[in-house]
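Note sheet for the following structure.
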Amino acid sequence: MPQKRIRVLIAKPGLDGHDRGAKIIARALRDAGMEVIYTGLRQTPEMIASAAVQEDVDVIGLSILSGAHNTICPQLMNLLKEKGMDDVTVLVGGIIPGADIPALKQAGIAEIFLPGTSTQDIVEFINKKHAA
Amino acid sequence: MRELLQPEPRLRDFQMSDANKPSTPTLPATEKFPTKRAPSPQEKSWEQNTLAPVLQKNPERQAQFTTISGHPIRRLYTEADLTDWNAGTQLGFPGEPPYTRGIHSTMHRGRLWTMRQFAGFGAAEDTNQRFRYLLSQGQTGLSTAFDLPTLMGYDSDHALSEGEVGKCGVAISSLADMEVLFDQIPLANVTTSMTINSPAAVIWAMYLAVAEKQGADWKKISGTLQNDILKEYIAQKEYIYPPEPSMRLVIDTFEFAVKQTPKFNPISVSGYHIREAGSTAIQELAFTLRDGMEYIEYALRRGMNLDELGPQLSFFFNAHSDFFEEIAKYRAARRIWHKAMIERYGSKNPRTWALRFHTQTAGCSLTAQQPYNNVVRTALQALSAVLGGTQSLHTNSLDEAWALPTEFAATIALRTQQIIAHETGVTSTVDPLGGSYFVEALTNEVESGAWDYIRKIDSMGGMVAAIERSYPQREIAEASYRYQMELDKKEKLMVGVNDFVSEERPLDILQIDETVTHRQAARLNKLRADRSQEAVTRTLAALRKAAQSQENLMPSICAAVKAYATLGEICEALRQVFGSYEEVAIT
Chain A
1 MPQKRIRVLI
11 AKPGLDGHDR
21 GAKIIARALR
31 DAGMEVIYTG
41 LRQTPEMIAS
51 AAVQEDVDVI
61 GLSILSGAHN
71 TICPQLMNLL
81 KEKGMDDVTV
91 LVGGIIPGAD
101 IPALKQAGIA
111 EIFLPGTSTQ
121 DIVEFINKKH
131 AA
Chain B
1001 MRELLQPEPR
1011 LRDFQMSDAN
1021 KPSTPTLPAT
1031 EKFPTKRAPS
1041 PQEKSWEQNT
1051 LAPVLQKNPE
1061 RQAQFTTISG
1071 HPIRRLYTEA
1081 DLTDWNAGTQ
1091 LGFPGEPPYT
1101 RGIHSTMHRG
1111 RLWTMRQFAG
1121 FGAAEDTNQR
1131 FRYLLSQGQT
1141 GLSTAFDLPT
1151 LMGYDSDHAL
1161 SEGEVGKCGV
1171 AISSLADMEV
1181 LFDQIPLANV
1191 TTSMTINSPA
1201 AVIWAMYLAV
1211 AEKQGADWKK
1221 ISGTLQNDIL
1231 KEYIAQKEYI
1241 YPPEPSMRLV
1251 IDTFEFAVKQ
1261 TPKFNPISVS
1271 GYHIREAGST
1281 AIQELAFTLR
1291 DGMEYIEYAL
1301 RRGMNLDELG
1311 PQLSFFFNAH
1321 SDFFEEIAKY
1331 RAARRIWHKA
1341 MIERYGSKNP
1351 RTWALRFHTQ
1361 TAGCSLTAQQ
1371 PYNNVVRTAL
1381 QALSAVLGGT
1391 QSLHTNSLDE
1401 AWALPTEFAA
1411 TIALRTQQII
1421 AHETGVTSTV
1431 DPLGGSYFVE
1441 ALTNEVESGA
1451 WDYIRKIDSM
1461 GGMVAAIERS
1471 YPQREIAEAS
1481 YRYQMELDKK
1491 EKLMVGVNDF
1501 VSEERPLDIL
1511 QIDETVTHRQ
1521 AARLNKLRAD
1531 RSQEAVTRTL
1541 AALRKAAQSQ
1551 ENLMPSICAA
1561 VKAYATLGEI
1571 CEALRQVFGS
1581 YEEVAIT
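Residue numbers (my numbering), protein chains in the order written: chain A, 1 to 132; chain B, 1001 to 1587.
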């Protein structure tokens, strides 16, 4: 039986329009054999959670450079819990001060990837998390 | 007023990507060696007798040396690289066509570039304090960073502003906030740049209202409005309305500027953001200049006179890490613009031909790792901008891969410019690199590559047409992916990140306190209580009516602003007439 491809939702929450990183990650994950859906810009946590359910994804990757992560992440995690999507791996990439990382992980964010992370590191992390 | 949000995903934005074919990023044709080159007998002798034996014993460190953009660089440049080059026509003299050496005959000997540090965070009073601090430390112009809600035309208390107020720039929701922002700053004596695009006309109206209240003469005030919507669709993505109404708004500001504020630049046609999105240097140059030409063509269709408008157009480039590629880019920019103004538009005014630009060092080159290295990066990038003949400069702070700058970091960034200006001696002569075989050859190559792109966009029907086909967006996505692959494979290094890694130490960074949101909410409630609701309703209705007609919108926007209609209310009124824009995402 063929191995099911890992399904990833790459999302840009909030007002920020800087999408260079999100688009690169989307393409790198696709090249690594995952099925990738990119939401486009200016998604609310509600829109992201709905999309995650609709697309039945294994992983959500959030790209946040705006400093709004302490608002957005807890909101999204609550919505995912409400929708029974507890087992989705949620990752965050972007500009996240070190001091904010423990609270984000407490809220259920699996990993935070800071500027300078290689695409291989992200691919490896996801593959390891979702190994058959 | 909090809007109800529809939590439906926009299904048409989604792409189910094909996981079967891994993609290989392509290199554009502009990043290849030009074919024509005729080495002299002496050069051939050097190659055979001096070079070849060395290469035999010690091969070079890399098979090929390329710029960060992927542009190939030769081992040695000689007169063989300039066989078609004519100093008289292609180099010329500073202050004269083709302006390769600079737009003024004395350049930085006559006047240093404006030291204009981009600043903004929190509420207006917080940024006002930073503005006054930077001026006290010797910066010579102001530059305003607005927060994301302001950039997107939302008031601080809008539902979509939650978590974003004051985080990326200053929160400005009304004329009242603008008045606080420029408290104790005489707009008659200080020039201000405002990095604002979709709501630029509204923010500008607020600035003009503050100037008027201060008694400053609109005919004399000077500054710059970024107001470059085309690059939003291409790169920065802070658009509100679709392209046609957005271009209409931009041309309205041009008309207003020519008549009312002759010393003000109503636009800063920008390549900075295009480069930050991952384009090559040639793409940055070509897309920026072609954007400039698009604005001119829209202005001409409106019946404007290029030679009246031209002197008020300004530009904004990135200063990225490849030192000489950047210098070549700035020199090529001036030469291309002059040629385009004369050949494409028949311009007769030398002040239209002379391209004036602001530069910012590359934010995307800053690292979160070993942040003090960023001081070095910024200094070298700033130096290239100075050697390239910039009129104005912002230097990034060491902590900007983590947060907005602390006062400490912002001070070092300013001192960087002051040291270049007063200690290095590079300002003692105009265009010090002029006549260098390398710099002149590279300038030619960058110019040639840019013209290829410009002609390609022409053949698509212009820049708006190219954007609608996602052409520049695709080029940028490709270039950015290629560079990332090079980093991942360590074909290109980033010190402290993919090599020369060391243990990290924590950095003190700027915290934006959450009380900003509450302060703004309270301020907005007070504003709505104190102002005349009748005046707001009337001016907004008049604005909507004007938007539906061909009228220049600046007077109605000014009226609404003075009635203390908020930014959000004004932008929403325009949204009701113009609609909103959603892009087709390209990965």
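Ideal placement from N, C-alpha and C gives every residue a C-beta, glycine not left out.
Item: Return helix, strand or coil for B:Arg1116, following the three-state DSSP convention.; Value: strand
Item: Distance, Cα to Cα, B:Thr1191 vs B:Leu1142?; Value: 6 Å
Item: Taking all protein chains shown into account, do 16 or more other C-beta atoms lie within 10 angstroms of the C-beta of B:Phe1317, making it buried, or fewer, making it exposed?; Value: buried
Item: Can you check whether the C-beta of B:Pro1009 is within less than 9 Å of a C-beta belonging to chain A?; Value: Its pLDDT being 36, under 50, B:Pro1009 is placed unreliably in this model, and the coordinates cannot settle the point.
Item: I'd like to know whether the C-beta atoms of B:Ile1251 and B:Ala1328 end up nearer to each other than 9 Å.; Value: no
Item: Please determine if the segment 1103-1123 of chain B and the segment 1447-1463 of chain B are in contact, where contact requires at least 3 C-beta pairs separated by less than 8 Å.; Value: no
Item: With distances taken from CA atoms, which of B:Ile1203, B:Gly1215, B:Leu1208, B:Ile1267 is nearest B:Arg1229?; Value: Just to set this straight, residue 1229 of chain B is Ile in the shown sequence, not Arg. Here the closest residue by C-alpha is B:Ile1267.
Item: Provide the residue(s) that pair with A:Glu35 in DSSP beta bridges, ordered along the chain.; Value: A:Arg7
Item: What ranges does the beta strand (DSSP E) occupy inside the segment 54-88 of chain A, keeping only unbroken runs of at least 3 residues that lie completely in it?; Value: 59-64
Item: If I measure Cβ to Cβ from A:Gly116 and keep anything under 7 Å in the same chain, skipping five residues before and after, which residues do I get?; Value: none
Item: Quick check on the burial criterion: 16 or more other C-beta atoms within 10 angstroms. Buried or exposed for A:His69?; Value: buried
Item: With a threshold of 9 Å between beta-carbons, can A:Pro97 be considered close to chain B, or not?; Value: yes
Item: Which of the three DSSP states, helix, strand or coil, is assigned to B:Ile1267?; Value: strand
Item: Is there a Cβ of chain B sitting closer than 9 Å to that of A:Val36, yes or no?; Value: yes
Item: Which residues, taken in chain order from the segment 1392-1412 of chain B, show a beta carbon closer than 7 Å to some beta carbon of chain A?; Value: Ala1401, Trp1402, Ala1403
Item: Verify the CB distance criterion: does B:Asn1265 have a CB-CB separation below 9 Å to chain A?; Value: no
Item: By DSSP, does B:Ala1019 sit in helix, in strand, or in coil?; Value: In this prediction, B:Ala1019 scores a pLDDT of 45, lower than 50, which makes its location untrustworthy; the coordinate-derived value is nonetheless stated afterwards. Three-state DSSP puts B:Ala1019 in coil, outside helix and strand.
Item: Give the C-beta separation of B:Ile1234 and B:Phe1315 to the nearest angstrom, bearing in mind that I take them to be a contact with Cβ-Cβ under 8 Å.; Value: Their Cβ separation, rounded to whole angstroms, is 15 Å, which puts B:Ile1234 and B:Phe1315 out of contact at 8 Å.
Item: Only counting the same chain, and skipping five residues up and downstream in sequence, which positions put a Cβ closer than 7 Å to that of B:Glu1447?; Value: Ala1332, Arg1335, Ile1336
Item: Identify the contact partners of A:Ser118 in chain B, using a Cβ-Cβ distance below 8 Å as the criterion.; Value: Leu1487, Asp1488, Asn1498
Item: So, under 8 Å CB-CB, B:Ser1169 and B:Gly1120 are touching, yes? Tell me the CB distance rounded to an integer number of Å.; Value: It should be noted that the sequence gives Gly, not Ser, for residue 1169 of chain B. So it is a contact: roughly 4 Å between Cβ atoms.
Item: Measure the CB-CB distance between B:Ala1410 and B:Ser1397 and report whether it falls below 9 Å.; Value: yes
Item: In whole angstroms, what separates the C-alpha of B:Ala1080 from that of B:Thr1114?; Value: 38 Å
Item: Does the beta carbon of A:Ser63 sit closer than 9 Å to a beta carbon anywhere in chain B?; Value: no
Item: CB-CB under 7 Å to A:Glu111, same chain, minus the five flanking residues each way: which ones, in chain order?; Value: Leu91, Phe125
Item: Looking at the C-beta of A:Asn70, does it have a partner C-beta in chain B at a distance below 9 Å?; Value: yes
Item: Are the Cβ atoms of B:Ala1277 and B:Glu1326 separated by less than 9 Å?; Value: no
Item: Can you pull the chain A neighbours of B:Ala1277, defined as C-beta to C-beta under 7 Å?; Value: Arg20
Item: Please give the ranges of any alpha helix (DSSP H) in the segment 1353-1406 of chain B, keeping only runs that are unbroken, at least 4 residues long and fully inside the region.; Value: 1373-1387
Item: Looking only at C-alpha atoms, which of A:Pro13, A:Ile25, A:Ala11 sits nearest to B:Tyr1481?; Value: A:Ile25
Item: Tell me whether B:Ser1017 is buried or exposed, calling it buried when 16 or more other Cβ atoms sit within 10 Å of its Cβ.; Value: At B:Ser1017 the pLDDT is 44, less than 50, meaning the model places this residue with poor confidence and gives no usable figure here.
Item: Just checking: is the beta-carbon of A:Lys105 within a distance shorter than 9 Å of some beta-carbon in chain B?; Value: no
Item: Output needed for B:Gly1434: all residues of its chain with C-beta closer than 7 Å, excluding positions within five of it in sequence on either side, in chain order.; Value: Leu1091, Arg1101
Item: Once the 5 residues before and after A:Gly18 are set aside, which same chain residues still bring their CB inside 6 Å of it?; Value: Looking at the sequence provided, one finds His at residue 18 of chain A rather than Gly. Result list for A:His18: Leu65, in chain order.
Item: For A:Asp31, which of B:Ala1188, B:Val1210, B:Gln1064, B:Ser1023 has the nearest alpha-carbon?; Value: B:Ser1023
Item: In terms of residues, what are the limits of the alpha helix (DSSP H) holding B:Phe1317?; Value: Counting along the chain, B:Phe1317 falls outside any alpha helix (DSSP H), though it belongs to the beta strand (DSSP E) covering 1313-1319.
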